[in-house]
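Numbering (this note's numbering), first residue to last: 3 to 113. Backbone N, C-alpha and C fix where the C-beta goes; we use that ideal spot for every residue, glycine too.
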């Protein structure tokens, strides 16, 4: 096992009790991303509800792999990217929703 990967961290939550929380570390060319919410209104101020809402295709990189394909750009934590939100693996972790995607599925980087 790679010694740089530390999947478990201990946090003191109230001084007496310890709570175990885990981290997700993507492997190879994969990234852990969190989708950025779209505004719930249009440019003209019309509030979108239900099926009228447009699914976001902008994501923020939460965690990266340590190993990359030499033919691909290196992405950093915090980078905002454009992806197809229907690709990748959706997971719920620590009360948040994430996607694990392959780096080759990135369409663009927001600068």
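Asked: Buried versus exposed call for residue 88 [16 or more other C-beta atoms within 10 Å across all chains shown]; Found: exposed
Asked: Unbroken beta strand (DSSP E) run spanning residue 32, endpoints; Found: 32-37
Asked: Per DSSP, the bridge partner or partners of residue 110; Found: 84
Asked: Residues of its chain near residue 38, where Cβ-Cβ distance is below 8 Å and the 5 sequence neighbours each way are ignored; Found: 58, 60, 61, 62 and 82
Asked: Residue 1 versus residue 80: straight-line alpha-carbon distance, rounded; Found: Nothing in the structure corresponds to residue 1, since the chain is present only between 3 and 113.
Asked: Whole-number beta carbon distance between residue 103 and residue 90, since they are thought to touch under 8 Å; Found: 4 Å
Asked: Buried versus exposed, by CB contacts within 10 Å (16 or more), residue 101; Found: buried
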